[in-house]
């Protein structure tokens, strides 16, 4: 036997070895390590620790608040960089309108402050410090005019100061902030106490599942030759919906390097995030028309049944495509009309058949773009994208 791969999801454990892929529903009354060993201990015992590779998507992404000087430059740049780092933006605030924004009640994983160019005088003041004092956040990073850096370093403990994301020619310089956010996400997943306990099973670094998946995309065609560029990968699970996409599809791309990036919809899962998914559905202008198209009533949203779960999965597909389209300005906009392929994976492939997925995509393209032709739909029926890590990481 060569290697054993384990994915710790928000709802299921998934393991893969020479015998194939198996899934096990998690017991949330037990810690992850104990539950894993109870369900998979016999398999794990067959492997040396150096031959076991673990990834996890159980944390659901980082929540972020962005405070920026201008909408046209610093806010646009920071938003693009955050999305391209797989960060979940809960709100954006213009500094000039700071007093108009309510204080978020939840803990924010990271606050990003940016704005101004390096040869401009300091632009942020005591009013911003007063606002920050009322926030609950775990991390804070400043990537704006260097003349404000000493001000923040003096008054805010543990602030991370990075080079300005806006250069003197008003172009984006994303490398430092993107690396910081990507590393922060990685540290968050492996820093969870329950995840740390899994190091009794493996001697290899534990990666976040979305990081592993994103690294597989350049070699995806070897496993799924029918997928044609440009494509997006839609991973709908129990807690989140993750989108992996080519940066070439970004409508207003501020990021200079190509490749594939990830966006997470932290509250569009079907099990752990069910209530927020239903709430989002009820707020959407097209959802009642969609429910009628699916020949169900809105009562299905309150049911707890297999039929209701299928509808929720279909709603998640619709909502995430809607939120990424040019019809919706609150998220990163992708040129969905340019897509040649959509690849679906995650928990959705265990619930929906290809015809049920196709029905939703047809509704989206007819309603949002006025066309009947849709991209080629490919389903990763065994949810094996995450097992391709040996082709992407050269792990060891």
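Numbering (our numbering), first residue to last: 1299 to 1694.
Idealized CB from N, CA, C, for every residue including glycine.
State the Cα-Cα distance for the pair residue i and residue j, rounded to the nearest angstrom.
i: residue 1400; j: residue 1672; result: 41 Å
i: residue 1319; j: residue 1312; result: 7 Å
i: residue 1371; j: residue 1466; result: 12 Å
i: residue 1483; j: residue 1360; result: 6 Å
i: residue 1606; j: residue 1305; result: 26 Å
i: residue 1554; j: residue 1543; result: Confidence is the limiting factor: at residue 1554 the pLDDT is only 46, short of 50, which leaves the residue's position unreliable and the question unanswerable from this model.
i: residue 1459; j: residue 1478; result: 10 Å
i: residue 1419; j: residue 1447; result: 11 Å
i: residue 1330; j: residue 1496; result: 8 Å
i: residue 1456; j: residue 1468; result: 28 Å
i: residue 1310; j: residue 1352; result: 14 Å
i: residue 1534; j: residue 1424; result: 43 Å
i: residue 1427; j: residue 1522; result: 51 Å
i: residue 1514; j: residue 1530; result: 13 Å
i: residue 1416; j: residue 1502; result: 42 Å
i: residue 1528; j: residue 1635; result: 10 Å
i: residue 1412; j: residue 1512; result: 27 Å
i: residue 1410; j: residue 1572; result: 29 Å
i: residue 1314; j: residue 1452; result: 50 Å
i: residue 1586; j: residue 1580; result: 8 Å
i: residue 1364; j: residue 1652; result: 38 Å
i: residue 1649; j: residue 1604; result: 8 Å
i: residue 1583; j: residue 1595; result: 15 Å
i: residue 1403; j: residue 1429; result: 13 Å
i: residue 1346; j: residue 1439; result: 40 Å
i: residue 1601; j: residue 1323; result: 21 Å
Taking its Cβ as the centre, do 16 or more other Cβ atoms sit within 10 Å of residue i, making it buried, or is it exposed?
i: residue 1470; result: buried
i: residue 1520; result: exposed
i: residue 1506; result: buried
i: residue 1508; result: buried
i: residue 1375; result: buried
i: residue 1316; result: exposed
i: residue 1597; result: exposed
i: residue 1339; result: exposed
i: residue 1397; result: exposed
i: residue 1491; result: exposed
i: residue 1472; result: buried
i: residue 1394; result: exposed
i: residue 1475; result: buried
i: residue 1377; result: buried
i: residue 1661; result: buried
i: residue 1450; result: buried
i: residue 1327; result: exposed
So what's residue i in DSSP terms, helix, strand or just coil?
i: residue 1554; result: With a pLDDT of only 46 at residue 1554, under 50, the local geometry of the prediction cannot be trusted, and the value read off the model is given with reservation. It is coil, neither helix nor strand.
i: residue 1317; result: coil
i: residue 1302; result: strand
i: residue 1576; result: helix
i: residue 1443; result: coil
i: residue 1377; result: helix
i: residue 1476; result: helix
i: residue 1420; result: coil
i: residue 1453; result: helix
i: residue 1655; result: helix
i: residue 1370; result: helix
i: residue 1645; result: helix
i: residue 1590; result: helix
i: residue 1542; result: strand
i: residue 1617; result: helix
i: residue 1322; result: strand
What is the C-beta distance between residue i and residue j, in whole angstroms, given that I count them as a contact (C-beta under 8 Å)?
i: residue 1592; j: residue 1609; result: 6 Å
i: residue 1547; j: residue 1633; result: 5 Å
i: residue 1611; j: residue 1646; result: 5 Å
i: residue 1659; j: residue 1641; result: So it is not a contact: roughly 12 Å between Cβ atoms.
i: residue 1614; j: residue 1589; result: At roughly 14 Å, the Cβ-Cβ gap does not stay under 8 Å, so residue 1614 and residue 1589 are not in contact.
i: residue 1301; j: residue 1332; result: That pair is no contact at about 23 Å.
i: residue 1354; j: residue 1504; result: 6 Å
i: residue 1677; j: residue 1655; result: 7 Å
i: residue 1391; j: residue 1362; result: With 8 Å as the limit, residue 1391 and residue 1362 do not qualify as a contact, their Cβ atoms being about 12 Å apart.
i: residue 1684; j: residue 1510; result: 6 Å
Hey, out of the options, whose CA is closest to residue i's CA?
i: residue 1387; options: 1393, 1394 and 1379; result: 1379
i: residue 1637; options: 1680, 1525 and 1533; result: 1525
i: residue 1539; options: 1307, 1475 and 1349; result: 1307
i: residue 1407; options: 1350, 1480 and 1474; result: 1480
i: residue 1623; options: 1364, 1587, 1664 and 1603; result: 1664
i: residue 1366; options: 1337, 1348, 1325 and 1421; result: 1421
i: residue 1541; options: 1335, 1595, 1616 and 1600; result: 1616
i: residue 1436; options: 1449, 1405, 1450 and 1454; result: 1405
i: residue 1344; options: 1500, 1601 and 1679; result: 1500
i: residue 1443; options: 1684, 1510 and 1461; result: 1461
i: residue 1679; options: 1323, 1621, 1643 and 1666; result: 1643
i: residue 1666; options: 1621, 1328 and 1578; result: 1621
For residue i, decide whether its Cβ has a neighbour in chain B, counting only Cβ atoms nearer than 9 Å.
i: residue 1583; result: This model lacks chain B altogether, as it is built from one protein chain only.
Using a Cβ-based criterion (distance less than 8 Å to any ligand heavy atom), does residue i qualify as near the ligand FAD?
i: residue 1372; result: Looking at this structure, you won't find the ligand FAD or any other ligand, since it has none at all.
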